[in-house]
Structure formats: C-alpha cells, structure tokens
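Residue numbers (the numbering used here): -11 to 432.
Here it is in structure tokens:
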C-alpha cells in the first residue's frame, strides 16, 4: 500500500510528489490563508510561501486588531496611564492660561503682584508637566495603537457614524497633543523652525487639545471606570485573542517603568527652576551660569544695542501727561536706592533669583506728576521685536519692589542684563522685565 500524505499541502494531480505520496486523481489543493499556509496544517511544518500572489497579499494587507495579542495593550494599562496623562495635561493647561494672562497685559482682571515668586512656580510647573507628558503619551499611544485597526461599521449606520466621530476626535486630540509637546520643547530650547507666532498658536492649540481631551474622556468614561475598578492584571476587559498571562514584563511592571520614566524626565529638566537640582538636570536648557550669576536669553549684541547702551550721553526719560523729566545714569544713581531679591522667570521655564538695586519706579513717576494707579509704557533702546515696548500696569508701577534697576548682586548691571538700566518687578514674566530701558511713558 502506498503511504498516505500527512505533511504539507497535498500536491495537485499534475505535480509530482516529493513526500513519497503518489498523486491521485481526486487530490485537490486545500485553500490557503493570507499567511501562505494551508488552513489546518501545523504551522511548524510549513516554510514561507513561494506563491507570488500570496506574498503580495502578505505585503499589502493591513494588520487587524486581533493581530496584536500582548496583554500589555489593555484597557487596564491605558486607563491608568491616561489618568496620569490627563492630570499632567490639565496642569499644563491651567498654568499655560496663567502664563498667557501674565503676558497679555490687557486683561480687565489685573495680574497679581504677589507672591513675588508666583510666576516662577507656575511657569516651572507648566514646562515640567509638559515634559512629564512625553513618556506618558508615548506609552498611552503604544497601548491603544491596535484600536486603530479595529473594524468599523458602515458610516451610513448610527454605529458607524459614532465610530467615525470618535476616531476624528481622537485624531484631533493626538495631533494637538503632539503639536503642543513638540512646539513647547522647541520654545524651551529657543528654536523656532516654523513661520507662525509661537505664543498665539500654542495658546490656541491648548484649547483645542483640552476640548478634545474632555470629549474623549466623556466617550470613554464607562470603560475608564470599569478598568480602574478592576485589578490591573484582570482580563475582564481584554480584547478577544489577548495572550494569556506569562513570564516577562507584567502590566504592573509596565506601569512602574512608565512612572519612573516620567519622574526621571522631570528631574532631568527641573534644574531650570529648582536650583538644587541643577547638578542632576542634564536636560535643563539653562545651567544657571551667566553674567553676575543670572542666565541671559538675549544679549546686547543680538538686540543691536551695544553702542547705544554704552553711549556716555545716554539720558533716561520719564514722560508724564504734562511733564517730561530726563536723567543721566549718574543722576539715577544719586536718587534714593532700593534693593529687592526677586526672581527673573522666563517663559521657556528657567528662572533665577538675584538682588537687584535701583530707583523705585513709583519715585520716578512722581517726578513727572504721574498719578498712582496709572498704566505706563516701558520703551527699550532695542529697535524691533515684540517686547521692545511693554505695558507696566498701575499695580506693578506702584509696587515698592518694582525698580528701575542699576545694579545686580552688588555690581553694576552687565550690558547683557540691561545696562544702563532695566525694569524688574515681582511676579512678572521675564519677557516683560524690559532691558536697556530708554523711557517710561504715560500711555495715551
């Protein structure tokens, strides 16, 4: 008796047998799957398909949700990482709104002058919470990636329409989140490869991101509640086909790794704001070094004021409604001097404190007969630029620690810190602490 064929795909009637099986007239080739093997044949006995049609199918067919079987890609992990990501995004959003409020200068609710370190803290939290979002977002996207290949109902049905809207909102959320993180990091490094205004666009996209996040949470709330209420290793909410629990990285292990990555990212950048951490903050964009112990964002050379700032004939002007007073630096030094320890905090997230000495702005405004509570404009020697002319609101102008500074940490101002004089005020963004001040004027 001839041996029967037990392995591989039985050859067709016109193909000679290579397994010892003689072809029979009734033998037929069984159907093959997209993987190139015979349905029902043991996987271990089959090599790669030589059929060019099958190879073409394998190359072009998109993956299916069921192809992703890792237990780590589960609602239990996604929900927990999502909660942490949502908290960080919310913190970044709130502190970003505060930063925009501080810089806008025109809001009908005046920005507070106290505490003096307030902006330093809120802007530091803004950048650090954004940095924490990076590893959290990467893990979140990796976890939910298989959902991208979930089969959808027809868009003409109610279910299909809801699925389409959900995916559209997720696309907006992911795109806005990535945009915010990328542009925020670029701003921290003062790298602007784009042609749009960073502040306005970043602020507008923050509202898009937070709106899409709220929609996403509302849609997924039942799943989030169920996942958070169950043990993280529970498979109750797992997708069909999820691999059983086995040796290797567990869900708890993945979550622990994620939390550690977020903390390390924060610590590696926190030295921008938290001085004691500068030694371990390898990713901090400012190391605390600079003239007179304070970092510099824009130098006098880059601002084009090297000659005008050092001009011996420099005269500072206070322009009131009915009177203008001009003073040389020597005359400013002869006036009563006040010292205040104040931080300078920049929108990029770094900050540093210094002891500033100079003339109170309120005393200068009194010389020109400017009433208390009046908003004034501060004009720099720098020509061009968004912040060469800024508004000093009345509450800041009247504050006893708001100075036209002449000295920093016991020395005359370095030219890169604003020589011959600069404004320094409590709880105010660094971009509004105008350097190389030419005049302070009552706004028309």
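Note that CB positions come from ideal geometry on N, CA and C, so glycine has one too.
List the residues that DSSP assigns as beta-bridge partners of residue i.
i: residue 367; result: 377, 427
i: residue 326; result: 346
i: residue 340; result: 332
i: residue 412; result: 391
i: residue 399; result: 396
i: residue 312; result: 307
i: residue 63; result: DSSP, once it has assigned bridges, lists no residue as partnering residue 63.
i: residue 417; result: 333
How should residue i be labelled, buried or exposed, when 16 other C-beta atoms within 10 angstroms of its C-beta is the threshold for buried?
i: residue 211; result: exposed
i: residue 430; result: buried
i: residue 345; result: buried
i: residue 51; result: exposed
i: residue 428; result: buried
i: residue 178; result: exposed
i: residue 332; result: buried
i: residue 195; result: exposed
i: residue 432; result: exposed
i: residue 388; result: exposed
i: residue 234; result: exposed
i: residue 413; result: buried
i: residue 248; result: exposed
i: residue 25; result: With a pLDDT of 43 at residue 25, under the threshold of 50, the modelled position of that residue is not reliable, and no figure is offered here.
i: residue 185; result: exposed
i: residue 22; result: Residue confidence for residue 22 is low, a pLDDT of 44 falling below 50, so the modelled location carries little weight; the figure read from the coordinates is stated next. Exposed.
i: residue 267; result: exposed
i: residue 299; result: exposed
i: residue 164; result: buried
Using beta-carbon positions only, say whether residue i and residue j come within less than 8 Å of one another.
i: residue 358; j: residue 246; result: no
i: residue 356; j: residue 306; result: yes
i: residue 325; j: residue 399; result: no
i: residue 244; j: residue 59; result: no
i: residue 449; j: residue 54; result: The requested residue 449 is not part of the displayed model; the chain covers only -11 to 432.
i: residue 361; j: residue 176; result: no
i: residue 147; j: residue 156; result: no
i: residue 254; j: residue 334; result: no
i: residue 284; j: residue 292; result: no
i: residue 426; j: residue 390; result: no
i: residue 128; j: residue 66; result: yes
i: residue 318; j: residue 424; result: no
i: residue 87; j: residue 110; result: yes
i: residue 287; j: residue 302; result: no
i: residue 64; j: residue 200; result: no
i: residue 98; j: residue 383; result: yes
i: residue 161; j: residue 190; result: no
i: residue 136; j: residue 113; result: no
i: residue 397; j: residue 321; result: no
i: residue 166; j: residue 257; result: no
i: residue 240; j: residue 131; result: no
i: residue 339; j: residue 261; result: yes
i: residue 405; j: residue 282; result: yes
Give the single residue among the options whose Cα lies nearest to the Cα of residue i.
i: residue 392; options: 153, 408, 119, 194; result: 408
i: residue 311; options: 317, 293, 333, 353; result: 353
i: residue 373; options: 395, 233, 422, 388; result: 422
i: residue 213; options: 171, 71, 56; result: 71
i: residue 100; options: 291, 386, 133; result: 386
i: residue 250; options: 301, 222, 126; result: 126
i: residue 103; options: 206, 287, 415; result: 415
i: residue 237; options: 252, 226, 221; result: 221
i: residue 117; options: 145, 82, 298; result: 82
i: residue 108; options: 263, 138, 173; result: 263
i: residue 289; options: 87, 402, 169, 115; result: 402
i: residue 144; options: 136, 138, 137, 153; result: 153
i: residue 378; options: 405, 77, 417; result: 417
i: residue 304; options: 341, 121, 208, 369; result: 369
i: residue 172; options: 299, 159, 193; result: 193
i: residue 96; options: 376, 406, 363; result: 363
i: residue 329; options: 105, 202, 84; result: 105
i: residue 91; options: 75, 73, 188; result: 188
i: residue 226; options: 406, 159, 376, 134; result: 134
i: residue 380; options: 405, 365, 371; result: 365
Kindly examine the ligand PLP and report whether one of its heavy atoms sits closer than 7 Å to the Cβ of residue i.
i: residue 300; result: For the structure depicted, the ligand PLP is absent and the ligand set is empty, with no information on it obtainable.
Inset, instruction - Entirely within the segment 71 to 110 and at least 3 residues each: give me those beta strand (DSSP E) ranges in chain order. - result: Look at the segment 71 to 110 and you find no whole run of beta strand (DSSP E) that is 3 residues long or longer.
Legend entry - Ordered list of beta strand (DSSP E) runs contained in the segment 189 to 271, each at least 3 residues: Taking only runs of at least 3 residues, no beta strand (DSSP E) segment lies wholly in the segment 189 to 271.
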